[in-house]
Amino acid sequence: MASQKKSREPSRKKVIVLLAAIGLPLFAILFSLSSFELRFINPRTNQQTVSLVALTLLVSLLFGALTFVLMRNLIKLFAERRLGVLGSKFRTRLVVGSLLLSFIPVIVMFWFGYGLMNRSIERWFSSPVEEVQQDTALMATLLSRYASENAHAEAIAIAALPETQRAFQGHSFSGLVEAFRAREATLQSGFAFAIEDGNAEASFNAPSSWPLLKPVLPSAPQRSDRPQSVTWGGTEYTIGSA
Numbered sequence: 666m667a668s669q670k671k672s673r674e675p676s677r678k679k680v681i682v683l684l685a686a687i688g689l690p691l692f693a694i695l696f697s698l699s700s701f702e703l704r705f706i707n708p709r710t711n712q713q714t715v716s717l718v719a720l721t722l723l724v725s726l727l728f729g730a731l732t733f734v735l736m737r738n739l740i741k742l743f744a745e746r747r748l749g750v751l752g753s754k755f756r757t758r759l760v761v762g763s764l765l766l767s768f769i770p771v772i773v774m775f776w777f778g779y780g781l782m783n784r785s786i787e788r789w790f791s792s793p794v795e796e797v798q799q800d801t802a803l804m805a806t807l808l809s810r811y812a813s814e815n816a817h818a819e820a821i822a823i824a825a826l827p828e829t830q831r832a833f834q835g836h837s838f839s840g841l842v843e844a845f846r847a848r849e850a851t852l853q854s855g856f857a858f859a860i861e862d863g864n865a866e867a868s869f870n871a872p873s874s875w876p877l878l879k880p881v882l883p884s885a886p887q888r889s890d891r892p893q894s895v896t897w898g899g900t901e902y903t904i905g906s907a
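Plus 665 on top of the position in the sequence shown (first one is 1) and you've got the numbering used here.
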């Protein structure tokens, strides 16, 4: 009986060593697959897909086998301790200590790495991102205000033209289009309307007719801290009036 027990123990050790020798490389492969982008093992054909599935299944089976062996040994130790077998308490403490020595460093490293990465990312990237957002918002606000001021100044300049004054005084707007065309460069691809009593008497470079634009244009644009704009045909126009 004693010789049989001694012969079984080396065989069990050989099985455990063999499973560990096969399982550890497979675990390393599985970890590399999940952690890194390995393009050379991406399946492109049916044969490669089948091989990858078979390898995954083999790793899963080996993982299950190792888990089964570990659970079996733990249950066996627990049963021996309940029965009061000589040396069972020492073996149980030894196994539990080995498991703790295996898992505690992993858990500590995980939480340390998790906290370190979160704090590092927050310190490295939060402030620059906030600064970029603030600078971008400030730049957009300045550009909008510049466009609003430019549109208002252009409207005042057109309203101060002698042609514009004569057109509104004499209610004859035929020559006002030429005055608008002379300001084409300063309009910067925009448009201009001469409006009297809610009707467009003259227009230049309008993206659409006045009946279509009238509902979307502000009824009485005024200068304010918030620039007034309208979008038509995918183009945004800043509104200015005088």
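All C-beta atoms, glycine included, are put in the ideal place defined by N, C-alpha and C. What you are looking at is a predicted structure, and each value in this text was computed from that prediction instead of being measured.
Residues that residue i bridges to, as DSSP identifies them
i, result
"Y902", "V895"
Residue i, DSSP secondary structure in three states
i, result
"V682", "helix"
"A825", "coil"
"A812", "helix"
"N864", "strand"
"F856", "coil"
"F869", "strand"
"K879", "coil"
"R756", "helix"
"G729", "helix"
"G749", "coil"
"T801", "helix"
"T710", "coil"
"A907", "coil"
"R737", "helix"
"S767", "helix"
"S716", "helix"
"G840", "coil"
"R831", "helix"
"R846", "helix"
"K670", "Here the model assigns K670 a pLDDT of 47, short of 50, so the residue's position is not dependable, and the following value carries that caveat. Correct three-state label for K670: helix."
Close beta carbons around residue i, own chain, < 8 Å, minus the five adjacent residues each side
i, result
"L619", "This structure does not reach residue 619, given that the chain is present from 666 up to 907, and the question cannot be answered."
"R756", "L742, E745"
CB of residue i within 8 Å of CB of residue j, strictly
i, j, result
"E819", "L852", "yes"
"I687", "L722", "no"
"F838", "A867", "yes"
"W897", "S873", "yes"
"P760", "L739", "The question names Pro, yet the displayed sequence has Val at residue 760. Contact: yes."
"V724", "I681", "no"
Whole-Å CB distance - residue i paired with residue j, under 8 Å assumed
i, j, result
"A857", "I823", "6 Å"
"A816", "L841", "Wrong, their Cβ atoms sit about 18 Å apart, outside the cutoff."
"G863", "Y902", "So it is not a contact: roughly 19 Å between Cβ atoms."
Own chain residues within Cβ distance below 6 Å of residue i, not counting five before or after
i, result
"F845", "A857, F869"
"M666", "Only weak support exists for where M666 lies, its pLDDT of 46 falling under 50; the value from the coordinates is given anyway. Excluding positions up to five away in sequence, the list is empty."
"A812", "T903"
"A907", "A820, I821, A824"
Own chain, CB closer than 7 Å to residue i, minus 5 neighbours either side, in chain order
i, result
"K754", "R746"
"Q669", "Residue confidence for Q669 is low, a pLDDT of 48 falling below 50, so the modelled location carries little weight and cannot support an answer."
"R888", "Its pLDDT being 47, under 50, R888 is placed unreliably by the model, and nothing is read from it."
"A825", "none"
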